[in-house]
Amino acid sequence: MGIPRRLCSSLNLFQVVRFGSKKKSYSSLHPPNPSCSNSFLTHGIHVFQCPDTVGIVAKLSDCIASRGGNILAADVFVPQNKRVFYSRNVFVFDPVVWPRMQMEEDFLRLSKTFNAMRSVIRVPALDPKYKIAIVASKQDHCLIDLLHGWQDGRLSVDITCVISNHFRGPESEVIRFLEMHGVPYHYLRPTENKSEPEILKLVQNTDFLVLARYTRILSSTFLRSYGKDIINIHHGLLPSFSGINPSKQAVDAGVKLIGATSHFVTEEHNAGPIIEQMNSFRIHAAT
């Protein structure tokens with residue numbers, strides 16, 4: 002159940018969790034190491050989890066810098082009252098100077114040094130793309146945003162199909178887009194959990210699923226049968242307003258900001274680990 006955590010390293014939409022008592026974030030807009038040839042620079046991402054101790058950031062930074070790489074952004078997260086260290090580094094490097102296999106060996110050495118529980122490297126330009134399926138309902142906004150991001154190359158994935166419990170005619174924007182790109186669209190009639198076996202058949206060869214404003218709750222049986230991670234794009238700011246009708250809950254509470262949350266799906270409704278949250282704009286409590 003670890004694939005989307007690897008996806009998190011390659012997509013801006015899906016980030017590593019950024020909440021805790023000892024979180025530091027660094028970003029750099031400086032040009033990469035001059036020793037690297039600009040014509041060969043590519044992006045790499047490293048996600049790391051290990052017991053917390055002194056010197057981890059220094060060693061990770063030195064590993065990248067010693068091979069001519071340059072860190073563009075770094076997130077460090079240590080949960081409150083837990084001695085567990087998490088980090089996510091985005092960097093550029095020259096694959097001629099730092100070959101992919103050598104990179105694996107270098108980070109493996111660090112993993113052994115710090116007894117890491119997780120060390121994942123992702124080079125989107127070189128590594129195979131993950132296969133995903135998108136599951137949606139009637140509203141198009143999340144689905145269309147994902148499709149346009151995929152078309153523009155911002156989402157480094159292969160979309161195997163789009164599944165929906167809402168019928169879309171052949172002249173709709175979504176259907177015309179999918180037909181143009183050769184992506185199958187499967188309409189499954191909205192019946193209580195009876196469509197789940199059909200969904201499972203359609204997503205057998207995927208690495209994970211993305212729920213794009215899907216309005217039905219996936220059963221525990223489905224989650225266990227699929228056995229891989231599922232990411233939900235939620236139209237509210239979790240965890241403050243989880244459950245049914247979070248927008249109304251926010252308005253009733255007098256919230257002045259609305260936004261969206263991407264989180265992992267668990268058996269507890271809208272309570273899975275948060276990947277990223279974003280405020281969009283202000284609202285009035287009276288609306």
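According to the working numbering, the sequence shown holds residues 2 to 288 in order.
Quick reminder that beta carbons are idealized off the backbone N, C-alpha and C, glycines included.
Note that the coordinates shown come from a computational prediction; the quantities given were computed from them, not determined experimentally.
If you look at V163, you'll find it in the beta strand (DSSP E) that goes 158-165.
Between the alpha carbons of P80 and A66 lies a gap of roughly 27 Å. Beta-bridge annotation (DSSP): T216 is not paired with any residue. Here N206 is exposed, its C-beta having fewer than 16 other C-beta atoms within 10 Å. Around the beta-carbon of V55, fewer than 16 other beta-carbon atoms lie within 10 Å, marking it exposed. The beta-bridge partner set that DSSP reports for K132 consists of D159. In the DSSP assignment, T222 falls within the unbroken alpha helix (DSSP H) covering 221-227. In the DSSP assignment, P198 falls outside any beta strand (DSSP E) and lies within the alpha helix (DSSP H) extending over 197-203. Secondary structure of F115 (DSSP, three-state): coil.
Beta-bridge partners of S120 (DSSP): F49. According to DSSP, residue pairing for A137 in a beta bridge involves S165, A213. Taking all protein chains in view, the Cβ of I135 is crowded by 16 or more other Cβ atoms within 10 Å, so the residue is classified as buried.
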